[in-house]
Structure formats: structure tokens, C-alpha cells
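Q: Using UniProt numbering, the first residue of the sequence shown is number 1, and each one after it goes up by one. Cβ atoms here follow ideal geometry from the backbone N, Cα and C, with glycine treated the same way. Quick caveat: nothing in here was measured; it's all calculated off a predicted structure. The structure is given below, and queries will be raised subsequently.
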Amino acid sequence: MTPSHRFICVHGHFYQPPRENPWLEEVEVQDSARPYHDWNARITAECYAPNGASRILDGDRRIAEITNNYRRISFNIGPTLLAWLEGAAPVTYEQIIAADQASRGERGGHGNALAQPYNHMILPLATRRDKETQVAWGIADFRARFGRDPEGMWLPETAVDTETLEVLAAHGIRFTILAPRQAARARPPGRDWIDVRGGRIDPSRPYLCRLPAGAAITLFFYDSPIARAVAFEGLLNSGEAFANRLTAAFREDRKGPQIVHIATDGESYGHHHRFGDMALAHALRLIEERGTARLTNYGEFLALHPPDHEVEILEPTSWSCPHGVERWRANCGCHAGQEGWTQEWRRPLREALDWLRDELARVYDAQAARVLRDPWAAREAYIGVILHRSPEVLDAFFAAHGRAGLRRDERPQALRLLEMQRQAQLMFTSCGWFFDELSGIETVQVIEHAARAIQLAQGFGYRLEDDFIGRLAAAKSNLRRWGDGARIYDRAVRPSVVTLPRVVAHYAISALFEPYAETARIFSYTVRRLDARREERSGNALSIGLVVAGSRITGEEQRAAFAVLHLGGHDVQCGVRTDPPADWYERVKAHLAEAFLGTGPSDAVRMLDEHFKGSLHALPDLFLEARRAILGRMTAERLARVDAMYQTLYEESRPLVAFMRASDVPIPPAILRAAEYALGKELAEIVGRAARVPLADRAFEIARELEALEVTVDAAETELLLRLAAEARADSLSIDPLGPDLEQVHRLLDLAASLGVTINLWQVQNAYHAAAQIHLDRLVEGSGGDAGRVGEFWRLGERLNFNLHALRAPAGTPG
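Written out as C-alpha cells, the structure reads:
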């Protein structure tokens with residue numbers, strides 16, 4: 001067989017469940033992801049970003065090339081993850097989009113990217129209507145991001161049944177990828193059917209699956225042993241071993257073109273396996289260099305070699321549950337490794353959400369017809385609004401789908417119903433059932449989406465919460481402290497619920513510590529100030545105001561009055577009243593101010609309770625990160641006194657410390673602790689400014705003092721500060737590679753070495769590599785520039801572990 005008939009395709013399924021707070025529409029801090037803000041950020045740093053700029057090392061373990069893996073593999077990335085990447089990791093997002101565009105030029109017009117149903121719902125367990133919406137939303141999201149129609153679509157957990165395939169085909173999807181054990185029987189052209197159950201199907205060819213409605217779709221069945229070796233057996237320990245395993249899968253006894261292809265979670269390449277992205281990059285480069293096979297993607301291979309074999313599927317099946325799709329509705333025995341636990345909770349959770357979905361559909365049917373021409377067609381088109389919530393998009397949406405004569409002030413009613421349906425989609429995200437415990441963050445997340453949908457339905461007079469909680473009570477936790485789903489709802493979900501009065505309380509309390517502009521954006525809400533008064537007395541504060549709070553998602557708005565008292569420390573009390581009469585607000589404002597300034601805070605507290613009874617809020621009602629920030633400020637005020645004490649102790653002890661060292665007398669531990677604290681704080685302040693001002697020589701003096709005293713700084717904090725400063729300086733090298741920032745990067749690396757701190761130089765390397773590519777001609781030594789500065793630039797490359805010969809080679813020239 002000639003290499004021209006040998007094709008290799010590596011597919012990565014990159015996905016994270018939606019982690020956004022359903023009310024705030026942003027991911028809140030997740031302590032389990034430390035040192036990162038949340039799990040999306042952590043996995044981006046470990047996997048998604050490295051695959052956009054992966055290192056290929058030479059024989060001396062130096063960087064010979066930085067390559068975008070997305071350009072050379074087939075991939076799908078969940079729409080909700082792409083939305084997060086677009087806002088939180090725009091460089092990585094652009095690398096992904098650019099990789100698909102480049103691959104179209106290299107693969108005969110066929111891009112590497114595949115679409116995915118919107119929020120990773122297990123489609124065989126969904127209603128036909130939800131299948132349609134998931135596929136339609138996934139395609140629309142893909143089209144908006146990649147600028148083309150998708151050829152293929154990855155199915156969540158490769159979960160499949162005939163109806164799912166019919167929906168894909170009806171939406172123009174040409175192919176999908178399944179596990180070998182999902183095939184029932186196959187048929188060569190003009191031959192009888194062959195039983196291939198048990199994973200016995202030949203994975204080296206595509207298959208045509210004819211559907212009952214008359215359409216057909218192509219199915220690829222990936223090479224399961226190699227995929228398993230990548231995911232679970234350490235094949236990514238060596239890029240060469242990975243390449244060899246892929247090329248060894250070709251068989252001489254197979255006739256015609258062969259495609260060796262695998263599919264795994266994309267997170268294998270960096271998150272599950274550290275440096276897995278580098279093994280992938282090295283393997284792909286070796287395959288290209290050896291020329292024994294051609295890298296391809298599914299769309300290109302299908303265009304070159306359409307299927308001539310047919311297949312029928314086993315249904316319903318998936319790649320991650322040998323029991324079909326029971327993992328997402330029953331205690332089938334599949335779990336993530338926690339022995340001794342049961343997953344009996346999966347069935348009542350599924351039943352509770354199925355019940356809620358049907359109830360929400362009835363609410364939607366009854367209410368949406370009043371504001372929308374065709375409510376279910378509007379739901380399918382709502383993805384356009386989800387993608388771009390601009391006034392122009394909303395105008396176009398309501399022009400197409402609003403009931404004739406719909407007023408602008410009626411739009412929020414329609415948007416609340418459509419949001420209710422969006423949450424009803426998100427509450428079926430597969431991760432809610434995948435893991436071992438009902439109280440896990442993924443399961444709590446889907447219940448939060450359910451709670452948001454319930455809240456939106458309640459706005460139309462439908463009270464579904466009690467019945468839903470009653471059904472959740474049948475789901476039992478493995479952990480005694482959580483009990484059951486009802487307790488989890490009460491303790492883990494209910495505190496996340498946001499109302500407009502809570503938004504106002506958050507605004508009012510946080511404004512005491514950080515003033516807002518006249519119009520403030522608070523996550524997915526907007527608060528517009530109409531009136532405000534603030535008084536201070538003896539360290540206490542009173543703030544009174546009138547605002548309009550609104551949701552940028554649903555468009556609903558509400559006027560509200562607030563009064564907040566800060567009586568020092570964490571003693572904060574806030575009252576909120578919605579839609580207050582004008583005379584009531586003016587009267588309360590005057591009375592509270594008079595009491596606060598006259599008879600004192602105790603009278604003001606009494607009046608606050610009297611005027612806002614039943615609507616009082618405190619610091620715990622703030623959204624999580626603001627609550628932590630404010631409490632952090634309060635703590636910092638007290639720690640400042642500790643700082644001063646340590647600083648004074650060390651400064652006063654310096655002469656004594658010098659004498660004790662000279663006299664070979666041990667320094668008391670208390671003085672060493674003071675030195676460590678005082679010097680560490682001073683160093684942090686200096687390095688924290690080093691992104692903007694030249695690194696002070698005092699930093700090196702501190703490093704010498706620390707070494708002499710044999711004390712160390714906080715390595716993690718110092719590494720972060722040094723890294724951020726070095727990254728900021730290195731980013732400027734693309735503008736002027738020989739400017740003052742070059743010296744500053746060197747100095748920061750020198751300081752790190754003096755402190756014994758190892759910096760993560762990944763982003764610094766990226767910035768340096770980009771600068772070298774942009775200014776290559778200028779940076780050739782002897783080209784008329786400053787030879788000394790040019791030499792310093794290349795010396796930095798050596799310090800950053802680059803193969804300078806490869807880096808200096810013109811584009812397209814072997815290094």
C-alpha cells in the first residue's frame with residue numbers, strides 16, 4: 001500500500017460543562033481549582049492554551065518549534081466552552097478559529113472543526129423537540145464562530161439512537177464519530193450483513209447508515225485500542241511511541257484507502273496528562289516528516305473516499321457506558337472511582353428534571369403564544385439572541401418572531417419565557433449524572449439551572465419549586481451531611497438564587513467600599529442611580545439611594561429604594577424596597593438621616609428595621625467574590641498593623657542581627673520570622689510594580705539578605721508576581737525587541753535565579769517567539785542594528801530554552 005492511501009486523523013473532543021452561575025452568567029471562583037480562579041481557567045492553562053502553542057523539542061530538549069495543534073487535528077469544542085474562551089481567553093479562542101480557517105486551505109476546503117449539540121445533552125434521553133433545539137443551536141453557534149456550516153457533529157458521550165441520527169441528517173450534518181462497540185452489523189457492497197457487535201467493526205473506513213425516513217449519514221468508528229492507550233495507558237509519555245502506534249495500525253490485508261483515526265477527550269492532551277500536548281505535537285510532526293501517511297480530517301477523507309460499506313447501529317449506546325445510556329439515568333455500575341458509593345440518585349434526579357421539563361413546556365405553551373407567533377420556532381431561533389444580545393439583534397428577533405403589535409415593554413415577558421427554556425436545556429447537561437455523588441459541583445450546577453427555570457416560571461404564577469424539591473428528596477447522597485437532593489437544594493442551590501432586590505442590596509453594600517459610576521454593571525445586571533445620599537459619623541456610615549435595577553438577559557427592570565448602615569467592621573445592615581412611592585422614599589431618607597446624625601446609629605438601626613421590615617440584607621448576601629473582596633479589605637486593615645509591627649521589629653533588630661551573625665550566635669526564631677515577613681512584603685511590592693517601572697536594585701539586595709539569613713519567600717506568590725511582570729515586559733518585545741523591556745526581562749530572570757524561584761515561562765516564551773518571527777530580519781547580527789542589543793536578544797532566547805538555529809531559520813526552512 002502506498003503512503004497516498006494511508007491517512008491518519010486524531011480527533012480531540014474538548015469540552016467543559018457550563019460553570020456560569022445561572023443568574024449572574026459568569027463563572028464564580030471555585031476553590032477546588034486553586035491556584036486558578038475556576039476549573040475553566042485551570043484547564044485552559046493546562047490544555048486549551050498549550051495546544052494552541054505547543055512545543056516541539058530537539059534532541060537537546062530545547063524548543064525547536066511552537067505549533068498550533070488545532071491546525072493539524074480534528075476537533076470539536078463545546079459551544080458553551082467556546083463562549084467562555086471568547087471572553088476569558090481570547091488569544092486561545094482566536095488560535096482555535098484561525099486553525100480551522102488554515103486547515104480549510106490545507107485540507108481541500110474541509111475545516112478541522114466539528115460542531116456539537118449545544119450543551120452536551122444525552123440526546124437519546126431527550127425529547128424529539130429538545131434534540132432539534134440542541135442540534136440547531138449547536139450548528140448556529142458553530143456558524144457564527146467559524147464562519148461556515150459544519151460538515152460533522154460530535155455527539156455528547158457519542159450517545160446515539162436512530163432518531164438522533166435522523167435529526168443530524170435533517171440539519172445537513174454529513175457524518176459523526178462513534179465507538180466501535182456502537183456498531184451492530186456492517187455490509188460490504190453487494191454482500192450480506194456481518195454481525196460486528198463487541199467492537200469487531202473495521203475502523204479504517206467510513207460507513208453509510210441509511211435511516212428510516214429515507215436520509216443517510218456517514219459514521220466513522222474510531223480505533224478503540226489506540227484511543228484507550230492515549231486516554232488511560234500512558235501512550236502520551238512519548239510522542240515517538242504515539243506516532244509509531246498510529247502508523248503501525250495500518251494493515252496490508254485491508255484493501256483500498258485506510259484511515260487510522262482515534263477520538264478521545266481533548267483534555268487528554270495536557271490536563272489529564274501533563275505535557276500531552278507536546279507528545280501530540282511531536283507525534284504529528286514525526287508522521288509528517290516520515291511521509292509514511294498523510295494527516296487528514298474527516299471531511300477531507302470523506303470527500304476523497306466516500307463510503308461503500310453500510311452499517312447499522314446498536315441503540316441507545318455511548319462510548320463511556322457499556323450499559324447503553326444508563327449512566328445518565330440509573331445506578332448501572334459506572335462510576336468515577338469512588339468505591340462503596342451508590343449512584344441510585346441518578347434515577348430520581350433524571351425523573352425530577354424530566355417532570356420539570358414537561359411542566360415548563362406547559363408553561364411555555366400557555367404563556368408564549370401571547371407574545372410570540374410560533375413559540376417553538378422562536379425557541380430554536382433564540383440562539384441568535386444568546387450569541388449577540390445587542391439591541392439590533394433583539395429588534396430583528398422580535399420582528400421575525402414577535403406577535404403582531406407586540407410592544408417594546410412586552411419584550412421582557414417573551415425573553416423570560418425563552419430564558420426559562422434555555423435553562424431547561426442547560427439542566428440536562430450530561431455531567432450532572434456522570435460522576436459519583438449527588439452533591440458534586442457538576443450535579444449542583446444542573447440543579448441550579450433547574451432552580452433558575454423554576455424562578456422564571458414563578459414570575460408567571462406557576463409554583464413548581466415545592467413539587468420539584470419533593471421529587472429531589474428521593475435522590476439520596478452518599479454523604480451524611482448532605483442527606484438528599486432536597487437538602488442539597490436548600491443548602492447548596494438556594495443561596496445562589498438571585499432576585500433584583502438582592503442585586504440592589506449587593507450594589508448598596510458594595511458601594512460603601514467601592515463607589516460605582518452613575519450606571520453600574522453588576523455581572524448580568526445593570527443598576528442606574530436616580531438619587532443618593534451618604535452621611536458619615538464617628539466611623540459609621542449611612543447610605544440611602546433610589547435606583548433602577550435591570551437584567552441585561554431578560555430586559556426586566558424594577559425601581560428600588562435602599563438604605564444601608566455600616567457600623568464598623570463587618571456590621572452592615574441593608575434594607576431594600578421595590579417600587580417605593582416617591583413620598584415614602586423622601587420621607588424615609590429624611591428620617592433616617594436625621595436619626596443617624598442626631599440621636600445616633602441605634603435609632604437609625606431601629607428605623608431601618610421599621611421601614612424595611614422583611615427585606616433586610618447583610619454581608620453574606622453579597623455575591624461571593626465581592627463578599628470575599630470586602631472582607632479581605634477589612635482584614636487588610638488589621639493586618640496593616642501586623643505589617644508595621646514586623647517591619648519595626650526587623651528594622652530595629654538589624655544591627656543586632658548583623659552582630660549575632662558575625663559572632664556565630666543563632667538568631668532568635670521570632671526575629672527570623674519578622675525578617676521573612678518584612679522582606680517578603682517589601683519584595684512583593686517591588687516586583688508587583690516591575691511590569692510598569694524598572695525593577696529596583698533593592699530587590700537584589702533583599703535576595704541577598706534572605707540568603708544570608710537563610711529564610712525564604714512565599715515561592716508561589718513570588719513566582720506569580722515575577723511571571724506577570726516578565727510576561728508584561730515580554731509582550732512589548734513584539735513592538736520593539738531591542739527596547740528597554742529586553743533588559744527588564746533579563747533582570748526579572750536574574751532575580752528569580754537569585755531567589756531560587758522557578759518561573760513558568762510559557763507565555764514569556766510565546767511572546768519572545770512572536771517577536772523573533774516578526775523582527776527576524778532586524779535581529780540578524782551585523783544587520784546594522786545595535787549588535788550588543790541584538791546579542792542580548794538572542795541570549796534571552798537561550799535562557800528561555802530555544803534552539804536558536806531553528807529560531808533564526810527563515811519560515812519554511814528546516815531548523
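#1: In this structure, how does DSSP classify ALA215 when only helix, strand and coil are distinguished?
#2: Any idea if VAL693 is buried or exposed, counting beta-carbon neighbours within 10 angstroms, 16 or more meaning buried?
#3: Can you list, in chain order, the residues of its chain with a C-beta nearer than 8 Å to that of LEU286? Leave out the 5 residues immediately preceding and following it.
#4: At 4 residues or longer, and completely inside the region 725 to 808: list those alpha helix (DSSP H) runs for me, N to C.
#5: Taking the alpha carbon of GLY190 as the point to measure from, which residue in GLU86, MET420, ASP308 has its own alpha carbon closest?
#6: Which runs of the alpha helix (DSSP H) at least 4 residues long sit entirely within the region 460 to 547? Give them in chain order.
#7: Alpha carbon to alpha carbon, how far is ILE759 from GLU46?
#8: Quick one, are the C-beta atoms of PRO18 and THR67 less than 8 Å apart?
#9: Does DSSP put TYR364 in a helix, a strand or coil?
#10: Alpha carbon to alpha carbon, how far is SER103 from HIS11?
#11: Can you tell me whether GLY812 is helix, strand or coil according to DSSP?
#12: What's the call for LEU639, buried or exposed, on a 16-neighbour Cβ count within 10 Å?
#13: For ALA99, collect the residues of the same chain with a Cβ closer than 6 Å to its Cβ; drop the 5 residues on either side in sequence, then sort them by chain order.
#14: Throw me the rounded Cβ distance for the PRO737 and ALA771 pair, which I believe falls under 8 Å.
#15: Taking its Cβ as the centre, do 16 or more other Cβ atoms sit within 10 Å of PRO412, making it buried, or is it exposed?
#16: In whole angstroms, what separates the C-alpha of GLY815 from that of ASN803?
#17: In or out: ASP141 buried (at least 16 other Cβ within 10 Å) or exposed?
#18: Check the C-beta distance from VAL311 over to TYR222 and give it rounded, since I have them as a contact under 8 Å.
#19: Please look up how many angstroms separate the CB atoms of HIS506 and ALA626, rounded, as I've assumed it's under 8 Å.
#20: What does the Cβ neighbour count give for HIS13, buried or exposed, with the cut at 16 atoms within 10 Å?
#21: Rounded to a whole number of angstroms, what is the C-alpha to C-alpha distance between ALA336 and ILE735?
#22: Please report the straight-line C-alpha distance between SER390 and ASP609, rounded to a whole angstrom.
#23: Since LEU406 contacts VAL371 with CB under 8 Å, what's their CB separation in whole angstroms?
#24: Round the Cβ separation of VAL687 and ALA725 to the nearest angstrom and send it over; I've been treating them as touching at under 8 Å.
#25: Does DSSP classify GLN16 as helix, strand or coil?
#26: What's the call for GLY812, buried or exposed, on a 16-neighbour Cβ count within 10 Å?
#27: Per DSSP, SER54 is paired with what?
#28: Leaving aside the five residues before and after PHE801 along the sequence, list all residues of the same chain whose C-beta is less than 6 Å from its C-beta, in chain order.
#29: Is it right to say THR648 is buried, meaning 16 or more other beta carbons lie within 10 angstroms of its own, or is it exposed?
#30: Please name the residue or residues paired with ASN331 in a DSSP beta bridge.
#31: To the nearest angstrom, how far is the alpha carbon of LEU709 from that of VAL642?
#32: Quick check on ALA263: does DSSP put it in helix, strand or coil?
#33: Taking the C-alpha atoms as reference points, what is the distance between GLN763 and HIS805?
#34: Could you pull the start and end residues of the alpha helix (DSSP H) that HIS591 belongs to?
#35: What would DSSP say about GLU300, mapped onto helix, strand or coil?
#36: Where does the unbroken alpha helix (DSSP H) through CYS431 begin, and where does it stop?
A: In brief:
#1: coil
#2: exposed
#3: GLY239, GLU240, ALA243
#4: 740 to 755, 762 to 774, 787 to 799, 804 to 808
#5: ASP308
#6: 465 to 472, 485 to 488, 500 to 511
#7: 15 Å
#8: no
#9: helix
#10: 14 Å
#11: At GLY812, the pLDDT of 43 sits below 50, so the modelled position is not reliable; the number obtained from the coordinates is stated separately. Note: GLY812 maps to coil in three-state DSSP.
#12: exposed
#13: ASN68, TYR70, ARG71
#14: 5 Å
#15: buried
#16: The pLDDT assigned to GLY815 is 33, lower than 50, so where the model puts this residue is not dependable; a value taken from the coordinates is nonetheless given after this. So the two alpha carbons sit approximately 8 Å from each other.
#17: buried
#18: About 14 Å; that fails the 8 Å criterion.
#19: 7 Å
#20: buried
#21: 49 Å
#22: 41 Å
#23: 6 Å
#24: 6 Å
#25: coil
#26: Low confidence applies here, because GLY812 scores a pLDDT of 43, under 50, leaving its location unreliable and the question unanswered by this model.
#27: THR67
#28: Looking at the sequence provided, one finds Asn at residue 801 rather than Phe. ARG62, ILE63, listed in sequence order.
#29: exposed
#30: Paired residue(s): none; ASN331 is not in a bridge.
#31: 21 Å
#32: strand
#33: 21 Å
#34: 582 to 597
#35: helix
#36: 431 to 434
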